[in-house]
Amino acid sequence: MKLGIFGDSFAVAHGYETGWPGLVEKIFGNCNTVIHSCSGTSHWFSYKKFIENFQNYDTIVFCHTNSMRWPVLPEGEQGRAWNIGYLNCPIMDPYNKVRKDIMSEELLNYLSFNIFRDINRLCLEHNIYLVNIFCFPLDFILPPTKFPVLIDLNQISKKEQVIYDGKLKFTGELNSVLYRGDRRDCHLNTLNNKRLADIVTDLIKNKTYNIYKDLLQEYDWDYRDPAIDKIYEMESEYEKSISNR
Numbered sequence: 001m002k003l004g005i006f007g008d009s010f011a012v013a014h015g016y017e018t019g020w021p022g023l024v025e026k027i028f029g030n031c032n033t034v035i036h037s038c039s040g041t042s043h044w045f046s047y048k049k050f051i052e053n054f055q056n057y058d059t060i061v062f063c064h065t066n067s068m069r070w071p072v073l074p075e076g077e078q079g080r081a082w083n084i085g086y087l088n089c090p091i092m093d094p095y096n097k098v099r100k101d102i103m104s105e106e107l108l109n110y111l112s113f114n115i116f117r118d119i120n121r122l123c124l125e126h127n128i129y130l131v132n133i134f135c136f137p138l139d140f141i142l143p144p145t146k147f148p149v150l151i152d153l154n155q156i157s158k159k160e161q162v163i164y165d166g167k168l169k170f171t172g173e174l175n176s177v178l179y180r181g182d183r184r185d186c187h188l189n190t191l192n193n194k195r196l197a198d199i200v201t202d203l204i205k206n207k208t209y210n211i212y213k214d215l216l217q218e219y220d221w222d223y224r225d226p227a228i229d230k231i232y233e234m235e236s237e238y239e240k241s242i243s244n245r
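Just so we're aligned, residue 1 is where the sequence shown starts under this note's numbering, counting upward by one.
Put into structure tokens, the structure is as follows:
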């Protein structure tokens with residue numbers, strides 16, 4: 001099997017063998033996997049990568065990001081698309097002040113609607129099996145597709161918790177306070193990366209069609225993971241050592 005993975009940071013792992021893309025490859029064994037995903041990027045960025053590469057694969061997993069991310073940014077800033085409208089960022093603040101005057105939500109949703117439709121059409125025409133994963137809540141009505149659609153991946157990420165400095169905290173909120181990157185692979189703990197890999201693998205093995213699944217509501221997840229606790233415990237000890245110098 002030749003597997004191509006496209007998307008944003010929900011399809012990017014710091015440790016290849018612990019993130020769900022690497023786990024999928026490991027489960028299949030004879031799978032040649034290439035990850036074209038890039039953190040912080042837009043739907044349009046992933047779509048362009050798809051157009052350039054999709055014919056190299058017989059199976060594709062496409063992680064659709066938030067439709068509100070601007071499709072075009074200055075050269076070198078494509079990974080800042082996630083900062084548009086969501087997080088104070090000195091580089092993006094000038095754009096955030098006028099973002100709704102330049103690119104309306106209606107336009108951005110129109111782009112995402114057609115990106116989704118085109119990806120599904122091309123995979124169908126070229127006999128490529130496709131799994132659609134939506135990382136964020138949908139802002140538009142999906143056009144029909146025979147390929148599986150999994151939604152609300154970020155809702156699982158948001159519910160995960162970790163012990164930091166002796167206190168139980170939501171992992172995503174803690175990352176925002178610490179102003180540093182997520183220490184989880186694909187914004188999921190190790191247990192949930194494994195669970196998502198199993199779900200995706202099962203769909204691919206069985207060539208499942210015509211399903212629409214809410215990941216949060218229709219599957220069981222673990223919101224606490226001792227392995228992630230250890231990582232953040234090390235972070236906490238490091239912060240204390242710095243402050244005591």
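Glycine residues also receive a C-beta, built at the ideal position from the N, C-alpha and C atoms. Keep in mind that this is a model prediction, so the values were computed, not measured.
Pick out whichever of the options has its Cα sitting closest to the Cα of residue i.
i: Val131; options: Thr201, Asn154 and Arg195; result: Thr201
i: Phe136; options: Glu75, Ile163 and Leu216; result: Leu216
i: Phe54; options: Asn127, Arg195 and Ser176; result: Asn127
i: Ala227; options: Thr190, Ser37, Met68 and Pro144; result: Thr190
i: Gly76; options: Tyr219, Gln155 and Phe45; result: Phe45
i: Ile60; options: Arg121, Ser67, Leu107 and Phe113; result: Arg121
i: Ile102; options: Arg69, Leu188 and Leu23; result: Arg69
i: Phe62; options: Tyr232, Ile156 and Gly4; result: Gly4
i: Leu209; options: Glu105, Tyr129, Asp229 and Ser104; result: One point to set straight first is that residue 209 is Tyr, not Leu, in the sequence displayed. For Tyr209, the nearest C-alpha among the options comes from Tyr129.
i: Met234; options: Glu173, Ile163, Asp214 and Lys146; result: Ile163
i: Lys158; options: Glu173, Asp165, Glu218 and Val24; result: Glu173
Going by DSSP, which residues form a beta bridge with residue i?
i: Tyr129; result: Thr59
i: Asp185; result: Leu188
i: Ile35; result: Ile5
i: Lys169; result: Val162
i: His64; result: Phe134
i: Arg224; result: Gln161
Look up residue i in the DSSP assignment and say whether it is helix, strand or coil.
i: Phe140; result: coil
i: Arg180; result: coil
i: Asp214; result: strand
i: Leu73; result: coil
i: Phe147; result: coil
i: His14; result: coil
i: Pro90; result: coil
How many whole angstroms separate the CB atoms of residue i and residue j, which I take to be in contact at a CB cut-off of 8 Å?
i: His43; j: Leu111; result: 7 Å
i: His64; j: Phe116; result: 6 Å
i: Ile35; j: Ala197; result: Going by Cβ atoms, the distance from Ile35 to Ala197 rounds to 13 Å, so no, they are not a contact pair.
i: Leu151; j: Phe140; result: The residue asked about is misnamed: residue 151 is Ile in this sequence, not Leu. That pair is no contact at about 12 Å.
i: Arg180; j: Trp221; result: 24 Å between Cβ atoms; not a contact.
With a threshold of 6 Å on Cβ separation, who are the neighbours of residue i within its own chain once the five nearest residues in sequence on each side are excluded?
i: Val149; result: Asn132 and Tyr212
i: Lys2; result: Asn32, Tyr57 and Asp58
i: Gly19; result: Ala13, Asp185, Cys186 and Asn193
Go through its chain and collect everything with a Cβ distance to residue i's Cβ below 8 Å, but skip five positions before and after it.
i: Gln161; result: Leu168, Lys169, Phe170, Thr171, Tyr223 and Arg224
Grab me the residues of residue i's own chain with a C-beta within less than 7 Å of its C-beta, minus the 5 sequence neighbours each way, in chain order.
i: Asn175; result: Asp182
i: Gly40; result: Asp8, Ser9, Gly79, Arg80, Ala81 and Trp82
i: Leu73; result: Arg80 and Ala81
i: Leu203; result: Val131 and Pro148
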